[in-house]
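Visitor: Can you read through this structure? Questions will come right after.
There are 2 protein chains.
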Amino acid sequence: MDDLDVVVRAAHQAFQSAADVVPRVRKSWLDGVADALDASLDELVDIAHTETHLAPARLDGELRRTTFQLRFLGDEVLRGLHLAATIDHADPAWGMGPRPDLRSVRRPLGVVAVFGASNFPFAFSVAGGDSASALAAGCAVVHKAHPAHPALARRTAQIVVDALRDAGAPDGLFALVEGEEQGVRLVEHPLVRAVGFTGSTRGGRALFDRAAARPDPIPFYGELGSTNPVFVTPRAWERRADEIVEGFLASVSLGRGQFCTKPGFLAVPSGGDAARRVADAAAAMGDTPDLMLSERLRDSFETSLRALVDRDGIDTVIGGPSTSPEPPLSILTVSGEAILADPDLFEHEAFGPASVIVEYRDEQQLHELARLVGGQLTTTVHGEPDDDAAPLLAELSARSGRVLWNGWPTGVSVSYAQQHGGPYPAATTSTTSVGADAITRFQRTVAYQGMPEEQLPIELRDDNPLGIPQRVDGVLRLNGMEVNR
Amino acid sequence: MDDLDVVVRAAHQAFQSAADVVPRVRKSWLDGVADALDASLDELVDIAHTETHLAPARLDGELRRTTFQLRFLGDEVLRGLHLAATIDHADPAWGMGPRPDLRSVRRPLGVVAVFGASNFPFAFSVAGGDSASALAAGCAVVHKAHPAHPALARRTAQIVVDALRDAGAPDGLFALVEGEEQGVRLVEHPLVRAVGFTGSTRGGRALFDRAAARPDPIPFYGELGSTNPVFVTPRAWERRADEIVEGFLASVSLGRGQFCTKPGFLAVPSGGDAARRVADAAAAMGDTPDLMLSERLRDSFETSLRALVDRDGIDTVIGGPSTSPEPPLSILTVSGEAILADPDLFEHEAFGPASVIVEYRDEQQLHELARLVGGQLTTTVHGEPDDDAAPLLAELSARSGRVLWNGWPTGVSVSYAQQHGGPYPAATTSTTSVGADAITRFQRTVAYQGMPEEQLPIELRDDNPLGIPQRVDGVLRLNGMEVNR
């Protein structure tokens, strides 16, 4: 037994002793963490600013989002919809033959390994979405710190650990580990039952492969690459080209382009003066207050941007490869024909302040381009009420987790309906890492057959002391009301 | 393009054209298939009996179960709970900052490859659970026939294809392919978006590995191995040993032991005369009317049984390895100590009429044994009201998809609460292959942001023309009623 093993075993024990606490208690743990983080906001934003070079205002907002998320998921725990409590009473006249008493509820998986992302040092890191949803599900979390913000990770983890202890949670329910090797060993540890990951396709796929190759494969919830293409209809371009360009540049520049939902492509009609409009609008824009997160990311962005610029048919409108420590905004153009000839260009993600304008010849080519798009976190259409956008939206919704109309994909609301995921490589599974449904990734259903009332989990008792939604003999019930005959 | 490619492309086209039919229409397709299968019951049972050697009465019941399942899942389609329709209206005062209008619904994945099992030629085969739930989700199905019943697979597929056509479904929504190579190619085909599989751990894992190694990994829903251990408390054994032995032998013998939920181990107190009781009860039992499904399965059972008998500490009570074409019921015994010394014995599945009685020394050893159990479809406790069974049930529920009390695991009810799955190797994911929730395996959620009403999927419209459950701003609603504040 070495250190990692000690940490994971302690997490497993904490998970076991906490698996059956009532919702109100689990909610109080999540609230405790949120309160403690909020109380340390200034200190945390300071450390984060030093390590990540993101602007304080952005970090402030991100931490508030993170504590909102903890409370939001805690509220979900209280509501109990995520438990999917289901009761089938014994039925001798059931259509396929006598049915035994059968009841099922979703239970927490166990210890979850969570890998932090560099670009959201709060919201997708130590106390971010994966950790919050795993804790809400009733799991224990071992968090692998991102090497781009080690001091912040340690301080945040200490606050989380202290807050959980102060709230009465068992020791070990949350722990931090560091280093690539520890991360790999986490994914392969027999007591780790699932992995949450946000990062690059390359790094994520390597860990996914390890999770799948285990003697007992475990789910690997990875959010990997996405280029988030945006399609502008001819009418929308004709009527609001400048407004669209302005929104586009703002979205691409946000956080110096280091968003997984940054629009990497903007498809507009050719002959619509896109290059000039972009150059004019960019000249009028101020620079972003955020800097590149790390030298490593800067280098990787430059390499990726160079590779993009070297592709056939790509022209540079503004910016381009540079040696400056803070790369300027780069906007490139390419014709629809060039993409049709080199379709995997649509998968080329340059993680930083760059995007490609695709000039399509006509609406037919617009649709051909849409059919080339691979798995995406988001796709977007800018259209007009008199557009027949249905076919385009159908193509795009088949390829993405979230489809936007006349909006920009940066900014991911934490809410009930959010879906932050999408076909590979956007995500490795069909689940979401943001929003209410993120909890269910860290659960599995257990059915109880013929179980005496006193041995049933409290969620499955006929008297429903928690007052949670129960589906009883097919009918959804709440507080005695039948609601879904 | 070869034959397989043609089939998958046709399935993909059919999926696309059928993805948006209203629930009533999809229900009518499932009902059409069920009606057509019921109308051909005699013919199908005849073919199945010839090919599988299962008794006609059993096959008759299995086909009725299969058509019940199609109708049951069709009813679920009408209810619409599986769509998880969620509406978040725009909210400028949302806790983390202004929330856009965001709505999400579960959509079908696309073409699903389904692998039939040999031991349930109807219920887990051509028109079985995986096919029914994939069709209910809105997917197309390409079914890989099990080589143990090719004529039955072809005839069943023809009936399904004809019934779907007669009901108005697009051509290609269901197709049959044969041969191991075609199966492998299906798992690797770019247009196949998920796989359903029921079979051996070895065969299933090989296909799982291929699904995970794709350039774009897809979910592989495999139901693999399970030994379904049953634990009898000292009190239960003292009070009802003979009744328990009778139920045990009946469950082990059912379908000549060829059930994935056959109890492979029965843990009883030592010194309780288990061997004599088993011998007496077996002598009083008639033989099962079902025969071994195939020579291959018989040979594999004999090999597995011999390996079991050769393990240290195993004694034979009745039966044992034989050269007869229809192996007799074999019951072996082993001490709790021997299992503790050789714990992976609990994973040894002999697929056929054999089971092992584990004689434990005391209650402490009973608990030690329970902690050795790996991932299982089912675990069972036979206990008494005055037993403190909670710790034992907690250990077992952490290891299995379904936990039974004073019952037998063979027999899997198709109902709302069913969970047919479990930690690996029982299943490769946390999902269920039987019951209402089986549908959701073949869906993924798509969120729509800022989408005009007329572009939204019908399930997400404010006027809710389908009358399905919608979660609106966090509150579950049905027919205008608010039901989950």
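As they're listed, the protein sequences go chains A and B.
Counting from 1, one number per residue, gives the positions in the first sequence under our numbering.
Counting from 1001, one number per residue, gives the positions in the second sequence under our numbering.
No residue lacks a Cβ here, since even glycine has one placed at the ideal position from N, Cα and C.
Buried or exposed: which applies to residue 306 of chain A, given that a residue is buried once 16 or more other Cβ atoms fall within 10 Å of its Cβ?
Guide: Here residue 306 of chain A corresponds to residue number 306 of the first sequence, with the count starting at 1. Exposed, because fewer than 16 other Cβ atoms sit within 10 Å of the Cβ of residue 306 of chain A.
Visitor: I want to see whether chain A comes within less than 8 Å of residue 1078 of chain B, judged by CB atoms only; does it?
Guide: In the second sequence, counting from the first residue as 1, residue 1078 of chain B sits at position 78. Residue 1078 of chain B does not count as touching chain A.
Visitor: Can you tell which of B:1155, B:1249, B:1061, B:1226 has the C-alpha that lies nearest to the C-alpha of residue 1400 of chain B?
Guide: As a first step, residue 1400 of chain B must be located in the second sequence, where it is residue number 400. Taking only the C-alpha atoms, the option nearest residue 1400 of chain B is B:1226.
Visitor: Counting along the chain, where does the alpha helix (DSSP H) carrying residue 397 of chain A start and finish?
Guide: The count along the first sequence starts at 1 and reaches residue 397 of chain A at position 397. Start and end: 390-397.
Visitor: Could you tell me whether the Cβ atoms of residue 1141 of chain B and residue 1177 of chain B are closer together than 8 Å?
Guide: Taking the second sequence and counting its residues from 1, one reaches residue 1141 of chain B at position 141. Taking the second sequence and counting its residues from 1, one reaches residue 1177 of chain B at position 177. Not closer than 8 Å, so no.
Visitor: Buried or exposed: residue 364 of chain A, going by 16 or more other Cβ atoms within 10 Å of its Cβ?
Guide: Here residue 364 of chain A refers to the residue found at position 364 of the first sequence. So residue 364 of chain A ends up on the exposed side.
Visitor: Whole angstroms are fine: how far does the CA of residue 1258 of chain B sit from the CA of residue 9 of chain A?
Guide: Taking the first sequence and counting its residues from 1, one reaches residue 9 of chain A at position 9. Taking the second sequence and counting its residues from 1, one reaches residue 1258 of chain B at position 258. Rounded to the nearest angstrom, the two C-alpha atoms are 38 Å apart.
Visitor: Assuming contact is defined by CB atoms lying nearer than 8 Å, are residue 1460 of chain B and residue 1019 of chain B in contact in what I supplied?
Guide: The sequence position of residue 1460 of chain B within the second sequence is 460, counting from 1. The sequence position of residue 1019 of chain B within the second sequence is 19, counting from 1. Result no, Cβ atoms of residue 1460 of chain B and residue 1019 of chain B do not sit closer than 8 Å.
Visitor: Which class does residue 218 of chain A belong to by DSSP, given the choice of helix, strand or coil?
Guide: Counted from its first residue, the first sequence places residue 218 of chain A at position 218. In this structure, residue 218 of chain A counts as coil in the three-state DSSP scheme.
Visitor: For residue 207 of chain A, I'd like the list of residues in its chain whose CB is within less than 8 Å of its CB, leaving aside the five on either flank, ordered along the chain.
Guide: For the purposes of this step, residue 207 of chain A is taken as residue 207 along the first sequence, with counting starting at 1. Taken in chain order, the residues that qualify are 115, 183, 184, 187, 195, 197, 220, 222.
Visitor: If residue 1390 of chain B sits next to residue 455 of chain A, beta carbons under 8 Å apart, how far is it from one beta carbon to the other, in whole angstroms?
Guide: Within the second sequence, numbered from 1, the residue matching residue 1390 of chain B stands at position 390. Within the first sequence, numbered from 1, the residue matching residue 455 of chain A stands at position 455. Between residue 455 of chain A and residue 1390 of chain B the Cβ distance is about 7 Å, and since that is below 8 Å, they are a contact.
Visitor: With three or more C-beta pairs closer than 8 Å as the rule, is the segment 97-106 of chain A touching the segment 67-78 of chain A?
Guide: no
Visitor: Consult DSSP for residue 1223 of chain B and reduce its assignment to one of helix, strand or coil.
Guide: Stepping through the second sequence from its first residue, residue 1223 of chain B is reached at position 223. Here residue 1223 of chain B sits in strand by DSSP.
Visitor: Considering only C-alpha positions, which residue in the set B:1120, B:1087, B:1103 is nearest to residue 1060 of chain B?
Guide: Numbered from 1 along the second sequence, position 60 holds the residue referred to as residue 1060 of chain B. Among B:1120, B:1087, B:1103, the Cα nearest to that of residue 1060 of chain B is on B:1120.
Visitor: Based on Cα-Cα distance, which residue from A:42, A:249, A:50, A:260 lies nearest to residue 433 of chain A?
Guide: By one-based count along the first sequence, residue 433 of chain A stands at place 433. Residue A:260 is the option with its Cα nearest to residue 433 of chain A.
Visitor: On the DSSP bridge assignment, give the partners of residue 1448 of chain B in chain order.
Guide: Position 448 of the second sequence, counting from 1, holds the residue named residue 1448 of chain B. Note: residue 1448 of chain B sits in a beta bridge opposite A:403, B:1103.
Visitor: Would you mind telling me which residues of chain B sit closer than 7 Å to residue 406 of chain A, beta carbon to beta carbon, in chain order?
Guide: Counting from 1 along the first sequence, the entry for residue 406 of chain A is found at position 406. Chain B residues near residue 406 of chain A: 1450.
Visitor: Which chain A residues are close to residue 1414 of chain B, counting only those with a beta carbon under 8 Å from its beta carbon?
Guide: Walking along the second sequence from the start, residue 1414 of chain B turns up at place 414. Those within 8 Å of residue 1414 of chain B in chain A are 96.
Visitor: Could you check the C-alpha separation between residue 1322 of chain B and residue 1286 of chain B for me, to the nearest Å?
Guide: Your numbering for residue 1322 of chain B matches position 322 in the second sequence. Your numbering for residue 1286 of chain B matches position 286 in the second sequence. So the two alpha carbons sit approximately 19 Å from each other.
Visitor: Check residue 266 of chain A in the structure and name its three-state DSSP category.
Guide: Locating residue 266 of chain A in the first sequence gives position 266, counting from the first residue. If DSSP states are grouped into helix, strand and coil, residue 266 of chain A belongs with the strands.
Visitor: When you compare only the Cα positions, how much space is there between residue 415 of chain A and residue 435 of chain A?
Guide: Taking the first sequence and counting its residues from 1, one reaches residue 415 of chain A at position 415. Taking the first sequence and counting its residues from 1, one reaches residue 435 of chain A at position 435. Residue 415 of chain A and residue 435 of chain A have their C-alpha atoms spaced approximately 5 Å apart.
Visitor: I'd like to know if residue 114 of chain A contacts chain B, where contact means its C-beta is closer than 8 Å to some C-beta of that chain.
Guide: Counting from 1 along the first sequence, the entry for residue 114 of chain A is found at position 114. No, residue 114 of chain A does not count as interfacial toward chain B.
Visitor: Does the beta carbon of residue 30 of chain A fall short of 7 Å from some heavy atom of the ligand NAD?
Guide: The ligand NAD is not part of the structure shown, which contains no ligands of any sort.
Visitor: List the endpoints of the continuous alpha helix (DSSP H) containing residue 71 of chain A.
Guide: The count along the first sequence starts at 1 and reaches residue 71 of chain A at position 71. First-last of the alpha helix (DSSP H) with residue 71 of chain A: 56-79.
Visitor: Less than 8 Å between the C-beta atoms of residue 1333 of chain B and residue 1427 of chain B, yes or no?
Guide: The residue given as residue 1333 of chain B occupies position 333 in the second sequence. The residue given as residue 1427 of chain B occupies position 427 in the second sequence. Using a Cβ distance threshold of 8 Å, residue 1333 of chain B and residue 1427 of chain B do not count as a contacting pair.
Visitor: Step through the CB atoms of chain A and report whether any lies within less than 8 Å of the CB of residue 1170 of chain B.
Guide: Your numbering for residue 1170 of chain B matches position 170 in the second sequence. For residue 1170 of chain B, the answer is no, since every Cβ of chain A falls outside 8 Å of its Cβ.
Visitor: Within 10 angstroms of its Cβ, does residue 1386 of chain B collect 16 or more other Cβ (buried), or is it exposed?
Guide: Locating residue 1386 of chain B in the second sequence gives position 386, counting from the first residue. With fewer than 16 other Cβ atoms inside 10 Å of its own Cβ, residue 1386 of chain B counts as exposed.
Visitor: Can you confirm whether residue 265 of chain A, when its beta carbon is compared against all beta carbons of chain B, has any partner nearer than 8 Å?
Guide: The sequence position of residue 265 of chain A within the first sequence is 265, counting from 1. So no, residue 265 of chain A is outside the interface.
Visitor: Identify whether residue 1379 of chain B lies in helix, strand or coil by the three-state DSSP scheme.
Guide: By 1-based counting over the second sequence, the position of residue 1379 of chain B is 379. In the three-state DSSP reduction, residue 1379 of chain B falls in the strand class (E or B).
Visitor: Who are the Cβ neighbours of residue 1062 of chain B in its own chain at under 7 Å, not counting the five residues just before and after it?
Guide: Counting from one through the second sequence, the residue named residue 1062 of chain B turns up at place 62. Answer for residue 1062 of chain B: 1120, 1122, 1123, listed in chain order.
Visitor: Is there a C-beta anywhere in chain A that falls below 8 Å from the one on residue 1236 of chain B?
Guide: Residue mapping note: residue 1236 of chain B aligns to position 236 of the second sequence, counting from 1. False, the Cβ-Cβ gap to chain A never drops below 8 Å.
Visitor: Looking at the secondary structure, which residues open and close the beta strand (DSSP E) in which residue 1339 of chain B lies?
Guide: Here the question's residue 1339 of chain B lines up with position 339 in the second sequence. For residue 1339 of chain B, no beta strand (DSSP E) encloses it; the enclosing alpha helix (DSSP H) starts and ends at 1336-1341.
Visitor: Along the segment 382-397 of chain A, where does the CB come closer than 9 Å to a CB of chain B? Name the residues.
Guide: Residues 383, 385, 389, 390, 393, 394, 397.
Visitor: Should residue 359 of chain A be labelled buried (16 or more other beta-carbon atoms within 10 Å of its own) or exposed?
Guide: For the purposes of this step, residue 359 of chain A is identified with residue 359 of the first sequence, where counting begins at 1. It counts as buried.
Visitor: Cβ of residue 1008 of chain B less than 8 Å from any chain A Cβ?
Guide: As a working mapping, residue 1008 of chain B is identified with position 8 in the second sequence. Chain A, which has no Cβ nearer than 8 Å to the Cβ of residue 1008 of chain B, makes this no.
Visitor: Would you kindly check if the distance between the Cβ of residue 1348 of chain B and the Cβ of residue 1377 of chain B is under 8 Å?
Guide: Walking along the second sequence from the start, residue 1377 of chain B turns up at place 377. Walking along the second sequence from the start, residue 1348 of chain B turns up at place 348. Not in contact: residue 1377 of chain B and residue 1348 of chain B (Cβ atoms no closer than 8 Å).
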